[in-house]
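Numbering (the numbering used here), first residue to last: 588 to 977.
Following: one structure in structure tokens, then a few remarks.
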């Protein structure tokens, strides 16, 4: 726990937007440790913050712009914030929320673990999220979750094994290749790992699916996906690996890439981590280099390629959601998939500028408290989340 002088110093630096990441994390820990109204130092600093906002808005900015609370006067907005110190402090246990300048700053923790190594992405799917349903070629549905290694199914000469909290397809080579297709799906709030018949690996994010043959035969290895799936493809120059996703096609020989193709998202995006892939959607075609992302707009049928933040593109593999650049509607779709809730938007959502990272370990009530502190009204009724602006 920080002493009072150090706490006050870091708090002042934060308010001036001068904290580095280490200092910010120390401040988050200190606020999280303060119990509601028991810590007078925290309470005094919270009061001082909002009094200063009320008394000294930034030069050249209107109070409403400063506070990002359109439709409320400066006094009303400040009084609203002062009356919600408990909500703010509760949210601070998982995140730190304030209004800085003309935009909202939202910090929800950051992992210092490296995103990439020389060999592979550092994948850390949480055990409690490992759940999926496997549909066999004969239509049999098998519920999967984290558990002991075991034989899940046998299809022709192919065994389906549960290993390391994922499933692995292994052929014994004694009979003809097994015919038919299997489908692996994850629910909202779930993730799962799959080793395909050729040894390629796929990680499914929440509310995703992959359809694949029990045995890869013929001139190419073809799979169909929806949602978000990360691939590590085994090299085979004579049998390219092809991923079909919502009117798009990605072809690879041996590489690592992420495909995001949710039905409720306006575009399909493919991010290349290593190797080379050929992406096509409609009339748009492009060969990608590492650290590039192709985006295909499903409505217009147009596409573009830009440099990608690879760390952000595959952050979900570490149980993290980068907030930078997300608008509220996109954030609500992600929340729906991560927390298994149906989101109903009652009013047009105004823009908020978020920064930081939302961790999968943050509880839904704490996320909703953070949204509430940023002017977003939420009401949870069972698994239905009703959202509107204040």
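A virtual CB, placed ideally from N, CA and C, is assigned to each residue, including glycine.
If you're wondering where the values come from, they're calculated on a predicted model, not measured in any experiment.
Residue i and residue j: beta carbons closer than 8 Å?
i           : j           : result
residue 774 : residue 745 : no
residue 787 : residue 771 : no
residue 801 : residue 823 : no
residue 728 : residue 720 : yes
residue 947 : residue 906 : yes
residue 970 : residue 927 : yes
residue 841 : residue 820 : yes
residue 828 : residue 798 : no
residue 866 : residue 835 : yes
residue 930 : residue 972 : yes
residue 939 : residue 793 : no
residue 881 : residue 869 : no
residue 954 : residue 919 : no
residue 817 : residue 897 : no
What does DSSP give as the partner residue(s) for residue i in the beta ladder?
i           : result
residue 909 : 944
residue 843 : 819 and 861
residue 800 : 768
residue 814 : 848
residue 717 : 778
residue 868 : 835 and 871
residue 828 : 808 and 839
residue 881 : 857 and 892
residue 931 : 973
Figure out for me which residue from the options has the closest Cα to the Cα of residue i.
i           : options               : result
residue 908 : 944, 824 and 881      : 944
residue 815 : 868, 757, 827 and 833 : 833
residue 780 : 590, 717, 902 and 862 : 717
residue 790 : 752, 763 and 807      : 752
residue 879 : 889, 861, 869 and 888 : 861
residue 875 : 886, 803, 856 and 887 : 856
residue 941 : 932, 925, 952 and 963 : 963
residue 760 : 594, 918 and 803      : 803
residue 813 : 850, 750, 837 and 756 : 850
residue 722 : 737, 904, 778 and 747 : 747
residue 782 : 592, 776, 960 and 749 : 749
residue 754 : 763, 766, 838 and 737 : 737
residue 961 : 848, 976, 950 and 910 : 976
residue 951 : 739, 932, 776 and 597 : 776
residue 885 : 848, 877, 613 and 903 : 848
residue 990 : 967, 758 and 899      : As displayed, the chain neither begins before 588 nor continues past 977, which places residue 990 out of reach and without an answer.
residue 767 : 726, 739 and 778      : 726
residue 778 : 597, 949, 904 and 605 : 904
Assuming residue i and residue j are in contact, meaning their beta carbons sit under 8 Å apart, how far apart are those beta carbons, in whole angstroms?
i           : j           : result
residue 936 : residue 921 : Not confirmed; about 14 Å, so no contact.
residue 825 : residue 844 : The Cβ separation is near 20 Å, so there is no contact.
residue 742 : residue 724 : 6 Å
residue 873 : residue 892 : 5 Å
residue 852 : residue 831 : That belief does not hold up - the Cβ atoms of residue 852 and residue 831 are roughly 16 Å apart, past 8 Å.
residue 864 : residue 838 : 6 Å
residue 592 : residue 600 : Contact doesn't hold; Cβ gap of about 13 Å is too wide.
Which residue marks the beginning of the alpha helix (DSSP H) containing residue i, and which one marks its end?
i           : result
residue 730 : Segment 728 to 732 is the beta strand (DSSP E) holding residue 730; no alpha helix (DSSP H) there.
residue 787 : Counting along the chain, residue 787 falls outside any alpha helix (DSSP H), and DSSP gives it neither H nor E.
residue 900 : 897 to 900
Could you check where the beta strand (DSSP E) with residue i kicks off and where it finishes?
i           : result
residue 741 : 737 to 742
residue 758 : 753 to 758
residue 923 : First-last for residue 923: 915 to 926, but that is the alpha helix (DSSP H), not the beta strand (DSSP E).
residue 959 : Note, residue 959: premise wrong, no beta strand (DSSP E); alpha helix (DSSP H) at 951 to 960.
residue 746 : 745 to 750
residue 967 : 963 to 968
residue 894 : 890 to 894
residue 971 : 971 to 976
For residue i, verify whether its CB is less than 7 Å away from any heavy atom of the ligand MN.
i           : result
residue 875 : Absence of the ligand MN from the depicted structure is noted, as is the absence of any ligand whatsoever, leaving it without description.
Determine, using beta carbons only, whether residue i comes closer than 8 Å to chain D.
i           : result
residue 749 : Absent from the structure is chain D; it holds one protein chain and no more.
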